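Chains as they are written, first to last, in the numbering used here: chain E, 1 to 124; chain B, 1001 to 1143.
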């Protein structure tokens, strides 16, 4: 596995994490969706387009998407998809060191399992 | 029931979408497995591939199902359920793209799923108890 692939996985992971956080923050302001009527979904779509968090989140996910299909041009999908799970490790570490959150034992155990899993998929 | 249907559709759309994108990009790149053979022009060529557009439409479907579910379900519930798509992704890559998935890679994928479930289902921290550390109290109302 070469440096370009590793770099691209990092880009996918970081922009994906940022996008998900922004979109979640945006959607929580919309209220619960209880009707799947096309008109109501259309109205929700219009409201969401005025939400800055949501729009920035979409931009981040777009970067993530183009980085992802670029890597798929040369790497195996059964490697690329699990490799992007590093996002969970990044988020836990970020929460620990930037947000000073208390990380309980189960969460550390989960983070460790994801790390071991990623190492396994990287082996030839 | 609403949640089960929405999340099942999300997982299938995401996995099949990734297979379509992978197929499309491999056709564009001529199947080379060297990153040096990739050029940005390939991204433009990809925009003319029906495989890529199928993949994009399926990922949009996934995205709609995911975001809509977040309006009533907690991220810390939705994310571990969606993590099952790692297994579906690898299985479909093996089945439809002919990728030879080693036992080590299968084991790694299973560990990742277990890890994601543990990370997102642990709720000992009262305020920041979901995957991305978002404060649940910022929700406009509780359900």
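Every residue, glycine too, gets a C-beta built ideally from N, C-alpha and C.
Quick caveat, the model's predicted, so the values are computed rather than measured.
Proximity test, Cβ basis, 8 Å: residue i and chain E
i, result
"residue 1125 of chain B", "Only weak support exists for where residue 1125 of chain B lies, its pLDDT of 44 falling under 50; the value from the coordinates is given anyway. Closer than 8 Å to some Cβ of chain E, the Cβ of residue 1125 of chain B qualifies, so yes."
"residue 1038 of chain B", "yes"
"residue 1097 of chain B", "yes"
"residue 1034 of chain B", "yes"
"residue 1084 of chain B", "no"
"residue 1021 of chain B", "yes"
"residue 1017 of chain B", "no"
C-alpha gap between residue i and residue j, whole angstroms
i, j, result
"residue 38 of chain E", "residue 23 of chain E", "21 Å"
"residue 61 of chain E", "residue 124 of chain E", "29 Å"
"residue 1128 of chain B", "residue 1021 of chain B", "Only weak support exists for where residue 1128 of chain B lies, its pLDDT of 45 falling under 50; the value from the coordinates is given anyway. Cα-Cα distance, rounded: 35 Å."
"residue 1077 of chain B", "residue 1116 of chain B", "11 Å"
"residue 1003 of chain B", "residue 1083 of chain B", "15 Å"
"residue 1100 of chain B", "residue 1094 of chain B", "6 Å"
"residue 1126 of chain B", "residue 1114 of chain B", "Caution is warranted here: a pLDDT of 43 is assigned to residue 1126 of chain B, below 50, making its placement in the model unreliable, and the coordinate value is therefore given only provisionally. Taking the straight line joining both Cα atoms gives about 22 Å."
"residue 1073 of chain B", "residue 1080 of chain B", "12 Å"
"residue 68 of chain E", "residue 117 of chain E", "20 Å"
Nearest to residue i (by Cα), restricted to the options the options
i, options, result
"residue 1009 of chain B", "B/1100, B/1119, B/1088", "B/1088"
"residue 1062 of chain B", "B/1106, B/1001, B/1011", "B/1011"
"residue 1059 of chain B", "B/1018, B/1120, B/1095", "B/1018"
"residue 1027 of chain B", "B/1015, B/1014, B/1048", "B/1048"
"residue 9 of chain E", "E/30, E/45, E/32, E/90", "E/90"
"residue 50 of chain E", "E/30, E/63, E/35", "E/30"
"residue 1103 of chain B", "B/1090, B/1097, B/1096", "B/1090"
"residue 1037 of chain B", "E/74, E/67, E/35, E/45", "E/74"
"residue 1043 of chain B", "B/1032, B/1025, B/1035", "B/1025"
Contact with chain B by residue i, beta-carbon distance below 8 Å
i, result
"residue 27 of chain E", "yes"
"residue 63 of chain E", "no"
"residue 56 of chain E", "no"
"residue 19 of chain E", "no"
"residue 107 of chain E", "yes"
Residue i: CB within 7 Å of a non-hydrogen atom of the ligand FAD
i, result
"residue 1047 of chain B", "Although the ligand FAD was asked about, the structure shown includes no ligands whatsoever."
request  = Mind listing, in chain order, the continuous alpha helix (DSSP H) runs of no fewer than 4 residues lying wholly within the region 1054-1104 of chain B?
outcome  = 1075-1082, 1085-1096
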